[in-house]
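Following: one structure in structure tokens, then a few remarks.
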Amino acid sequence: MVMGGLEGVATKHHCHTPEITLTSATTATGIWAMEDLLIFGDGRELYGAGHYHETYEKRDGRWQIKSLHLTRTILRMTGGDDGRR
């Protein structure tokens, strides 16, 4: 859905308040709070919030994301031209 599936959709995506823990000299874990909003052309809005749970690995002197999982705490769709809520 994300790759090419959001053409014509206004979006906002915020990640903040990271909690990052070094687990070794070359590995770490992180939890980031997230919030997003998608506004579709027909008036529908998708609002969501949750947390990204990530693992990181240092390779060749650079930190890289090794894994990422999103846990949603809120996911709400509203509106539309036909009055759906």
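For the sequence shown, the tail end lands on 85 under the UniProt record's numbering, and the numbers increase by one without skipping. Even for Gly, the Cβ is constructed at its ideal location relative to N, Cα and C. Nothing here was measured: the structure is a model prediction, and the numbers come from that model.
Assigned with DSSP and collapsed to three states, G5 falls in helix.
The DSSP-derived three-state label of R76 is strand. H51 and G41 have their alpha carbons spaced roughly 27 Å apart. Rounded to the nearest whole angstrom, the C-alpha separation of S24 and G80 is 49 Å. Per the DSSP secondary-structure output, S67 pairs in a beta bridge with T55. Selection E35, K66, H16 evaluated against I74 yields E35 as nearest (Cα-Cα). In this structure, the straight-line span from the alpha carbon of H16 to that of T78 is close to 25 Å. If you draw a straight line from the Cα of T26 to the Cα of R59, it is about 8 Å long. Nearest to E19 by C-alpha distance, out of R44, T55, Y47, A49, is T55.
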